[in-house]
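A.B. asks: Residue numbers (the working numbering): 1 to 428.
So that we are looking at the same thing, I have put the structure below in structure tokens.
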């Protein structure tokens with residue numbers, strides 16, 4: 001934030017913004033910020049997406065204008081009514097049982113209170129934004145930047161609400177595309193602190209929301225310090241996920257794997273894996289192998305120098321987006337939180353050290369975020385692949401100069417001189 005702008009503010013505001021907190025923003029601050037952004041989204045035009053806003057009529061079976069939400073509510077309603085075997089009778093249902101239960105519960109609450117569409121949208125926006133703010137600030141919070149960095153990031157986000165049509169992404173009613181990456185980051189944080197069972201349970205929760213949540217499980221389990229802990233984590237997460245899905249998979253009406261997506265655009269993957277004009281689960285398995293491999297490569301490249309799990313999540317989320325032949329707008333939600341977390345961490349480390357690598361990392365992260373808005377980038381599949389691979393490789397290289405947290409010894413205020421330990425960390 002420019003000093004001239006800070007100087008123009010009242011002194012109490014200056015002190016508040018310059019304060020270096022000992023922890024990331026509190027849940028109260030995140031909730032207040034999320035409500036503010038949700039209200040902003042509600043009052044701004046949403047690019048003709050108003051028909052997708054949930055309201056009191058969704059539970060009763062509204063129009064097809066609700067898109068996937070109506071499908072999810074119908075399937076989730078069978079779960080709430082005690083008939084889980086019917087949830088996946090329609091092959092088009094491709095999200096997890098916890099996501100279905102959430103959609104049905106939201107629709108039921110809106111039905112009971114007779115909520116107008118604006119209320120339904122505001123609730124949907126809040127439950128997307130607040131976890132997103134939490135996931136995006138965790139790494140940067142460990143580097144202890146001044147409070148104005150988070151305030152600036154929030155202001156930029158507010159400015160992008162209309163420009164990037166974030167409200168339109170929320171109206172597609174796929175909050176799991178934010179929740180899953182956040183749970184990946186939470187599980188990775190538990191694993192880094194050797195908390196095996198909480199890390200595994202966070203993975204179970206993520207896999208109950210989306211099948212593709214399993215893609216980051218290998219790097220998260222590798223964050224555990226020993227192989228016995230990794231084995232326990234794999235067992236708990238595997239058994240928990242199996243128990244969660246068992247009532248549905250063992251039903252004779254489980255048809256999720258029968259679904260085939262119409263090919264939206266050619267990618268390198270679809271050119272290599274024949275699909276007869278459609279994307280099947282065979283294609284998805286091949287895609288999963290590429291994504292897991294990319295995440296593991298990023299983790300091994302940064303594991304001793306950076307917050308490797310966040311970097312790996314960024315790469316895994318982007319690898320899924322780049323290799324997917326479908327281009328539904330809400331797919332972009334999955335890359336926003338981890339990439340924003342990287343940008344904030346790079347900016348925080350630059351404020352503490354004036355590291356050129358950190359500055360480059362922040363710039364690269366912004367470029368990657370811009371690619372999200374432009375996705376899919378025009379051009380042949382090979383050119384798109386090279387562009388994204390180059391951007392992500394540069395991001396991983398820059399991440400090697402950004403530590404996971406500040407050294408244990410005290411540090412002076414960012415930008416006002418450095419302790420020797422921070423200087424050493426910047427060199428490393």
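All C-beta atoms in this analysis are idealised placements derived from N, C-alpha and C, irrespective of residue type, glycine included.
Remember, it's a predicted structure, so these values are computed and weren't measured experimentally.
For residue 358, tell me which candidate among 91, 176, 83, 140 has the shortest Cα-Cα distance.
C.D. replies: Checked all of 91, 176, 83, 140; the closest Cα to residue 358 is 140.
A.B. asks: Could you give the distance in angstroms between the alpha-carbon of residue 293 and the alpha-carbon of residue 320?
C.D. replies: Looking at the two C-alpha atoms, the distance is approximately 11 Å.
A.B. asks: Please check the pair residue 24 and residue 351, which I expect to be a contact at CB under 8 Å, by giving their CB distance rounded to whole angstroms.
C.D. replies: Contact flag wrong, Cβ pair sits at about 15 Å.
A.B. asks: Roughly how far, in whole angstroms, is the beta-carbon of residue 243 from the beta-carbon of residue 220, given that I think they are within contact range, below 8 Å?
C.D. replies: Residue 243 to residue 220, Cβ: 19 Å. No contact.
A.B. asks: Run through DSSP, which three-state label would residue 116 get?
C.D. replies: In this structure, residue 116 counts as coil in the three-state DSSP scheme.
A.B. asks: What does the Cβ neighbour count give for residue 129, buried or exposed, with the cut at 16 atoms within 10 Å?
C.D. replies: Residue 129 comes out buried.
A.B. asks: Just verifying my parser: in three-state terms, what is the DSSP assignment at residue 23?
C.D. replies: Coil.
A.B. asks: With a Cβ-Cβ cutoff of 9 Å, do residue 436 and residue 172 count as a contact?
C.D. replies: For the chain, the structure presents residues 1 to 428; residue 436 sits outside this window and is missing.
A.B. asks: Quick one, are the C-beta atoms of residue 199 and residue 207 less than 9 Å apart?
C.D. replies: Result no, Cβ atoms of residue 199 and residue 207 do not sit closer than 9 Å.
A.B. asks: Taking contact to mean 3 or more Cβ pairs, one atom from each stretch, closer than 8 Å, check whether the stretch 151-163 and the stretch 359-368 are in contact.
C.D. replies: The answer is no - the stretch 359-368 does not touch the stretch 151-163, with fewer than three Cβ pairs under 8 Å.
A.B. asks: What are the boundary residues of the alpha helix (DSSP H) that residue 357 is part of?
C.D. replies: Start and end: 356-374.
A.B. asks: For residue 305 versus residue 400, is the C-beta distance shorter than 9 Å?
C.D. replies: It is a contact, given that the beta carbons lie within the stated cut-off.
A.B. asks: Throw me the rounded Cβ distance for the residue 267 and residue 176 pair, which I believe falls under 8 Å.
C.D. replies: Actually they do not touch by this definition, with Cβ atoms about 23 Å apart.
A.B. asks: In three-state terms, what does DSSP make of residue 262?
C.D. replies: Of the three classes helix, strand and coil, the one that applies to residue 262 here is strand, per DSSP.
A.B. asks: From what residue to what residue does the alpha helix (DSSP H) around residue 315 run?
C.D. replies: Note, residue 315: alpha helix (DSSP H), 308-323.
A.B. asks: Candidates 83, 121, 110, 356: which alpha carbon is nearest residue 40's?
C.D. replies: Here the closest residue by C-alpha is 121.
A.B. asks: What first and last residue would you give for the alpha helix (DSSP H) that runs through residue 176?
C.D. replies: It spans 176-192 - the alpha helix (DSSP H) in which residue 176 sits, taken as one unbroken run.
A.B. asks: Could you tell me which of 90, 248, 301, 261 sits nearest to residue 283, measuring between CA atoms?
C.D. replies: Nearest C-alpha to residue 283: 261.
A.B. asks: Considering only residues of the same chain and omitting the five flanking positions on each side of residue 96, which have a CB-CB separation below 6 Å?
C.D. replies: Result list for residue 96: 208, 209, 210, in chain order.
A.B. asks: Give me whichever residues DSSP pairs with residue 278 in a beta bridge.
C.D. replies: In the DSSP output, where bridge partners are listed per residue, residue 278 has 262.
A.B. asks: Going by Cα to Cα distance, which pick from 85, 61, 13 is closest to residue 253?
C.D. replies: Among 85, 61, 13, the Cα nearest to that of residue 253 belongs to 85.
A.B. asks: If contacts are defined as beta-carbon pairs under 8 Å, then residue 182 and residue 135 qualify, I think. What distance do you get, rounded to the angstrom?
C.D. replies: At roughly 4 Å, the Cβ-Cβ gap stays under 8 Å, so residue 182 and residue 135 are in contact.
A.B. asks: Could you say which of 189, 205, 10 lies nearest to residue 237 if we only look at CA atoms?
C.D. replies: Checked all of 189, 205, 10; the closest Cα to residue 237 is 205.
A.B. asks: Anyone know if the C-beta pair for residue 403 and residue 307 falls short of 9 Å?
C.D. replies: Yes, the pair counts as a contact, with Cβ atoms nearer than the cut-off.
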